[in-house]
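These notes are about the structure you will find just below.
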Amino acid sequence: MFNAINFKMTIKAKSILVVLLATISLISSAQEKPEAPEIEYPISQYKPLILNISEDGSKYVRFLLWSQMWVEDFDINNGPGKNVRIRRARFLAYAQVSPRFLILTHFGLNNLNFSNADPIGNRATNDAFVNGPQIFLHDAWTEFRISNNDALYVGAGLHYWNGISRFTNASTLNFMTLDNYRQAWAQLGLSNQFGRHIGLYAKGALGKFQYSIALNDPIYYALGSADQEELAEGSITYSGRRVLGENSGNVVAGYAHYQFLDEESNKLPYKVGSYLGEKSVFNIGAGFFQHGDGTVKLENGEPVGQDVFHFAVDAFYDAPVGKGAINAYLVYYNFDYGEDYALGTTYGTGNSVYTQFGYLLPFTTNAGRLMPYAAFSAQNFEAYNNPGNLLQLGANWFIEGHNAKITLEYRSQLAPNSIDNAQRLNGLILQTHIFL
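So our numbering is basically just the index in the sequence shown, starting at one, shifted up by 391.
Laid out in C-alpha cells, this is it:
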C-alpha cells in the first residue's frame, strides 16, 4: 500500500501541472514546426479510407472499420464446447479539421455470442440474465495543438490516453498475439467505461521522448461496487465515488517512453502491436495510475477509503531481421487497489509480468505470410494463496498484413487461486480479422 503518500490532486498540484504544461508550450513555440506525423499502420496493399475536405489534403476525415470473429473452445479437456463470438465490430472516424484541431469518434460492439444475445437487440426484457452487448460509444474527444510543433497537445472527452503501459494503450487493429494481455487494462470498468476515461489530457513529443498525462473523473457505478448499506463488514470494493462521493479523488494517469530507433506516431493513443518489419522500433517506457480513495473497505460499519496506485515499466522491440521480422515485449506491473483487493481473478492487489515473442518467417507466398509466436504471463495477487499464469502459443497468417489475417492460438491458464490441486484450463481459439 502507498498509504503513507496522499496522491490526491490538490489545487496546488493542479497549478503545478498547468505551469509545467505552459512551460513546455513556451519552450516549444520558438522551435520550427515540422510536418505532423500521420498515424501509422503496418504493411498492407489497402489504401486508407480518407475523404479530403481541402484541395491540398491537409484537412480530411479518415474512416476505419474492423471486425474480429472467434471460434473458441476454452475447455478442450472436457470435450467439444465450441462457441462463435463477435469479439469486436467497430467503427472509428477522426478528422483533421485544421492544422491545430482534431476530432475523433469511435463506437462498436464487443463479445457477442449465443449466451448473451438479446432477444430483439434492444434489452427490452425483464430477464435478469440477459445483458447482451450492444453498440455503444467507445471514444469521443477533441484535441488542440498548443505548441508550434508536436511538443504539446491538449484534449478533452471520453479518451484512451490511459497511462500505465504500452499495452494499456494498445490498438486492437494489430496485435501480435490473438488479443491484448487482459491485466494491462487494469482499470477497465473500475474507474472508466471499457478502458476509456472522461477527462482532460495532454500529450506530446520532445525529440525521441513521448509522453501523455490525463486528469479524469472516475465513473460512479464501477464493477463490483455497491451502496454503503449493501457493503459487507470487512469487504473491499471499488465503491469510492459511489460511497464517498467527491471525497473520492480524481484519476491521474500518465505514460512516457523513449524511442531509441525509429519514431512512432503520437497522433492517436492506439499503440501498434507489430509493424511486420516495416519499422525498427526499440522503446523503453514507464507509466502510472492514481485514484485517491478509489476503493472502500467497511470497518466497524464505516467506509474507509483506500488509495489506488499502479505503476509499470516496459520494453518494446519490433524490427526486420533479414527478410523476416521479430517482435518482443516485456512488462512488469505493480497493482495496488487496497489491502487484499480482488475482483474475480482479473483484478487484484499484487504484481504481474508479461512477455511475448514472435518471428515473421522470411518467406512470402501468394497466399500470405506466417508468424508463429509465444507469450507467457504470471499474476501474484494478495487475495489468493497461489499465483496464476497463462501460456499462449499461436500463429498469425497474414493474407494482407493486419488488414486481413487469420490467427490460431492455444492457451493454457491457471488462474490465481486458494485451493489445492487447482486445474489448468486449456483452450483453442481461431480468429478471422478484417480491417479497412
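Cβ coordinates follow ideal geometry from the N, Cα and C atoms, glycine included.
With at least 16 other beta carbons inside 10 angstroms of its own, Lys-594 counts as buried.
As the crow flies, the alpha-carbon of Gln-584 is around 8 Å from that of His-529. Checking the DSSP bridge columns, you'll see Glu-791 partnered with His-793. Assignment of Thr-559 by DSSP, reduced to helix, strand and coil, places it in the helix class. One Cα belongs to Leu-761, the other to Phe-748, and the distance between them is close to 14 Å. Of the candidates Glu-637, Ser-562, Ser-630 and Lys-688, Ser-562 places its Cα closest to the Cα of His-793.
Counting every other CB atom within 10 Å of its CB across the protein chains shown gives Phe-535 a total below 16, marking it as exposed.
Annotation: Lys-714 is outside any beta strand (DSSP E) and is labelled neither H nor E by DSSP.
Rounded to the nearest angstrom, the gap between the Cα atoms of Pro-524 and Phe-505 is 11 Å. Counting only residues of its own chain and dropping the five nearest sequence neighbours on each side, Phe-680 has a CB closer than 6 Å to the CB of Gly-554, Ile-555, Ala-644 and His-701.
Glu-693 counts as exposed, since fewer than 16 other beta carbons sit within 10 angstroms of its beta carbon. The alpha-carbon of Asp-509 is positioned some 21 Å away from that of Gly-580. In this structure, the alpha-carbon of Tyr-629 lies about 29 Å from that of Ile-477.
In the structure shown, Gly-678 adopts extended strand secondary structure according to DSSP, grouped into three states. For the pair Ala-706 and Leu-784, the Cα-to-Cα distance works out to about 21 Å. Less than 7 Å divides the Cβ of Thr-746 from the Cβ of Leu-721. Contact annotation: the region 789–805 touches the region 815–824, with at least three C-beta pairs closer than 8 Å. Spatial neighbours of Glu-690 in its own chain (CB-CB distance under 7 Å, excluding positions within 5 residues in sequence) are not present. Per DSSP, Leu-752 lies in no beta strand (DSSP E) and is assigned neither H nor E. Where Ser-458 is concerned, the enclosing beta strand (DSSP E) starts and stops at 451–464. When secondary structure is reduced to three states using DSSP, Ile-604 falls in the strand class. For Ala-480 and Thr-740, the gap between their C-alpha atoms comes out near 32 Å. Per DSSP, the unbroken beta strand (DSSP E) holding Pro-763 starts and ends at 760–772. When secondary structure is reduced to three states using DSSP, Val-475 falls in the strand class. For the options Asn-607, Asn-474, Ser-458 and Trp-532, the alpha carbon positioned closest to that of Phe-465 is the one of Asn-474.
Listed in chain order, the non-local C-beta contacts of Trp-532 below 6 Å within the same chain comprise Leu-495, Gly-546, Gly-548 and His-550, local neighbours out to five positions each way being set aside.
Beta-bridge analysis with DSSP links Ala-733 to Gly-739.
In the structure shown, Asn-513 falls within a coil segment according to DSSP collapsed to helix, strand and coil. Counting along the chain, the unbroken beta strand (DSSP E) around Leu-528 starts and ends at 527–536. When the beta-carbon positions are compared, Leu-751 and Gly-715 come within less than 7 Å of each other.
Asp-698 is positioned such that its CB atom lies no closer than 7 Å to that of Ser-639.
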